[in-house]
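Undergrad: My questions all concern the structure below.
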Amino acid sequence: MFVFRQFVTCFRHYTLKIKSAESASWKTLRSSHSYRLAEGSHQDILIGFRYFLKAVKLIAKKPPQFPDKASIALFKGNASYQVELDYLAVLGEEQPELMVSREDLACATTFSQKLTILFTVLLTSPMLIMLSLVSPKRATYASMQSDLVECMLLDFLRKKSGVKQLWMFDSYEKDCNFISLVLMKRGCHVVRIPSSNIITPYYHHVVCSEFIFTASFQPEEQQQLKENWYVSSMRNLPPFNVSALLHAPRTLAEDSENTIGFISSGVWRRKERGEMASGYGEFESEDLLIDTLSNLLKKRPELNLLIYLHPCEKASPELFAGAMKEYSKHFPEGRFQILDRETPSLQAFHLCNVAVSVYSSANIERLFLGLKTLYFPACFEKNVYADTGLEIISPSSSDQLIELLEAALPMSNSKFFTEFHLEAYRGFGLPSHLQFKS
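Counting in our numbering, the sequence shown runs from 14 upward without gaps.
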């Protein structure tokens, strides 16, 4: 019942307006945004009952095989761990013996554990279902049922395997603070590590033992957010793909002087599959970016466009064909290309002179390599790059973007980084034992 008691404590602290890690955990638990929630789920009147069934099914689910002893564990959203394991290995971090994803969270193996979880669900679900019926945040309260069960299952696994340290990747979900709080109170050292994107939308409140920055602007963002951070220590590390980045080409390819790179976030595909936007205006910004680049190509016949697809746009040949069809609606025939499915974006950064995206970890990888890069948060409700080194390369209108692109195209990478004071981004967080290959 430990997790249930923490759940109640978090609710109490939040209700009484006590400034604490518990209050921060509850505040993020009740966030209306989650990538695990489909667009329109807040309008589903029956969603509280659907999540009750999901929580019960989690209890009955057969657990996978996990090692009996593991002092270090890795936790993330899906069961694909190789990038993260390679990342920790190249940095010289001690390797996790246990890997677990949300898909695997069915760790109750004894009758007493299953009974404890079932009792907790029966105790909390009536209130959460009622809130899901009357609140505009229906899906938020409904999903707390499975959030609570997953946290209990992870805590059981921690105890069974003897986990002392947890690396938490994909830690932007609304329950991550609560999970961190519970495990920390159990004596576990929780390390949260974000991708190299802006942290403001998803890390406004943070609870953990240690937080890793993977982009130079993130510590600057943290200064604006620190009032709501409950973190013992912080440090800098390079982007996830550091091993590949150290060997990536950095010299502009021949005949690429007039090529602009568009690093896509796959907004058309996210809309197609009903993904919920964060509410910051990223979908609208990418739509405007596409229109702006399309207009620029029409006005400047010597320019070409190379599109770097998001993984969600090229996960299958059918999706890749769908992306080609989608972008053909926007860009002049013969004036754009899409990077093939098999080539990682970072291995083809040298095929464009300057790249632009709304926000993308690929942008930070380019800056890490010392390559010209622009952001376009034009429709963001709040300028998330304000007071960071990226503000100067983040135009807020189509006209400003075109002006900045035209200024950047003839510049060398070195001059661009000097002109826009971006030297801190080149090789950010790189440990002394790692070096770029010439």
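We put the beta carbon where it would ideally sit given N, CA and C, even for glycine. Treat the numbers as computed from the prediction; the structure is a model and nothing was measured.
Which residues does DSSP list as the beta-bridge partners of V219?
TA: Answer is W242.
Undergrad: Can you list, in chain order, the residues of its chain whose CB lies under 6 angstroms from that of R386, leaving out five sequence neighbours each side?
TA: Residue identity check: residue 386 is Thr in the sequence provided, not Arg. Excluding positions up to five away in sequence, the list reads A368, N376, R379, L380.
Undergrad: Counting only the same chain and skipping the five closest in sequence on each side, list residues whose C-beta sits under 6 angstroms from that of S184.
TA: Excluding sequence neighbours, S184 sits near R205.
Undergrad: Tell me, which residues are paired with A421 by DSSP?
TA: A421 pairs with nothing; no bridge assigned.
Undergrad: Can you determine whether any heavy atom of the ligand COA sits closer than 7 angstroms to the C-beta of F333, and answer yes or no?
TA: Only the bare structure without any ligand can be found here, which leaves the ligand COA out of the picture.
Undergrad: Suppose contacts are defined by Cβ-Cβ distances below 8 angstroms. Is S373 in contact with P390 by that definition?
TA: Against a cut-off of 8 angstroms, the Cβ pair of P390 and S373 comes out as no contact.
Undergrad: Which term fits E186, buried or exposed, when burial requires 16 or more other beta carbons within 10 angstroms of its beta carbon?
TA: Buried, since its Cβ has 16 or more Cβ neighbours within 10 Å.
Undergrad: Within 10 angstroms of its Cβ, does V147 collect 16 or more other Cβ (buried), or is it exposed?
TA: V147 comes out exposed.
Undergrad: Inspect the beta-carbon positions of V220 and S38 and report whether they are closer than 8 angstroms.
TA: Yes, the pair counts as a contact, with Cβ atoms nearer than the cut-off.
Undergrad: Are S45 and H55 closer than 8 angstroms when you measure CB to CB?
TA: For S45 and H55, yes; Cβs fall inside 8 angstroms.
Undergrad: Taking Y216 as the reference, give the member of H434, K450, V397, R18 with the closest Cα.
TA: Here the closest residue by C-alpha is V397.
Undergrad: Quick check on the burial criterion: 16 or more other C-beta atoms within 10 angstroms. Buried or exposed for G53?
TA: Per the 10 Å Cβ criterion, exposed.
Undergrad: So the beta strand (DSSP E) I276 belongs to, where does it begin and stop?
TA: Segment 272-276, the beta strand (DSSP E) holding I276.
Undergrad: Starting from the N-terminal side, write out each stretch of the alpha helix (DSSP H) that is 4 residues or longer and does not extend beyond the stretch 81-131.
TA: Listed in chain order, the complete alpha helix (DSSP H) runs (minimum 4 residues) inside the stretch 81-131 are 95-103.
Undergrad: If you draw a straight line from the alpha carbon of K127 to that of F169, how long is it in whole angstroms?
TA: So the two alpha carbons sit approximately 10 angstroms from each other.
Undergrad: With H, G and I counted as helix, E and B as strand and the rest as coil, what does DSSP make of V21?
TA: Looking at V21 - three-state DSSP - the assignment turns out to be helix.
Undergrad: From the DSSP output, in three-state form, read off H26 for me.
TA: H26: helix per DSSP, three-state reduction.
Undergrad: Use the C-beta contact count for I405: other C-beta atoms within 10 angstroms, 16 or more gives buried, fewer gives exposed.
TA: Exposed, since its Cβ has fewer than 16 Cβ neighbours within 10 Å.
Undergrad: What are the boundary residues of the beta strand (DSSP E) that includes F349?
TA: Run containing F349: 349-351, per the beta strand (DSSP E) assignment.
Undergrad: Identify, in the order they occur along the chain, each residue of the same chain with its Cβ nearer than 6 angstroms to the Cβ of S156, setting aside the five sequence neighbours on each side.
TA: The answer, listed in chain order, is Y64.
Undergrad: Out of T401, T227, F124, which one is the CA nearest neighbour of V433?
TA: The question names Val, but residue 433 is Phe in the sequence shown. When each option's Cα is compared against that of F433, the closest is T401.
Undergrad: From the DSSP output, in three-state form, read off S427 for me.
TA: In this structure, S427 counts as helix in the three-state DSSP scheme.
Undergrad: On the DSSP bridge list, what partners appear for F226?
TA: DSSP, once it has assigned bridges, lists N249 as partnering F226.
Undergrad: Closest to S425 by CA distance: which of S193, G383, C392 is it?
TA: Ranking S193, G383, C392 by Cα distance to S425 puts G383 first.
Undergrad: If we count the other Cβ atoms within 10 Å of its Cβ and call it buried at 16 or more, is N210 buried or exposed?
TA: With 16 or more Cβ atoms within 10 Å of its Cβ, N210 is classed as buried.
Undergrad: Who are the near neighbours of F362 in its chain, counting only those whose CB is closer than 6 angstroms to its CB and skipping five residues on each side?
TA: These residues qualify, in order along the chain: R379, L384.
Undergrad: Exposed or buried, what is S427 when buried is set at 16 or more other beta-carbons lying within 10 Å of its beta-carbon?
TA: The residue is exposed, with fewer than 16 neighbouring Cβ atoms inside 10 Å.
Undergrad: Going by C-alpha to C-alpha distance, which of K338, F333, E299, L435 sits closest to L414?
TA: Of K338, F333, E299, L435, the residue nearest in Cα terms is E299.
Undergrad: Using three-state DSSP, classify H55 as helix, strand or coil.
TA: If DSSP states are grouped into helix, strand and coil, H55 belongs with the helices.
Undergrad: Taking E110 and A83 to be in contact with their CB atoms under 8 angstroms, please state how far apart those CB atoms are, rounded to whole angstroms.
TA: Contact holds; Cβ gap of about 4 angstroms.
Undergrad: Can you name, in chain order, every residue of its own chain whose Cβ lies under 6 angstroms from the Cβ of L443, other than the five neighbours on each side?
TA: Contacts found: P251.
Undergrad: In chain order, what residues of the same chain have a beta carbon less than 7 angstroms from the beta carbon of F429, not counting five sequence neighbours either side?
TA: Around F429: K385, A421.
Undergrad: From I72, V16, F124, pick the residue whose C-alpha is nearest to that of D188; which is it?
TA: The candidate whose alpha carbon is nearest that of D188 is V16.
Undergrad: As a quick exercise: from V113, H446, L417, V162, pick the residue whose alpha carbon is nearest that of Q95.
TA: Ranking V113, H446, L417, V162 by Cα distance to Q95 puts V113 first.
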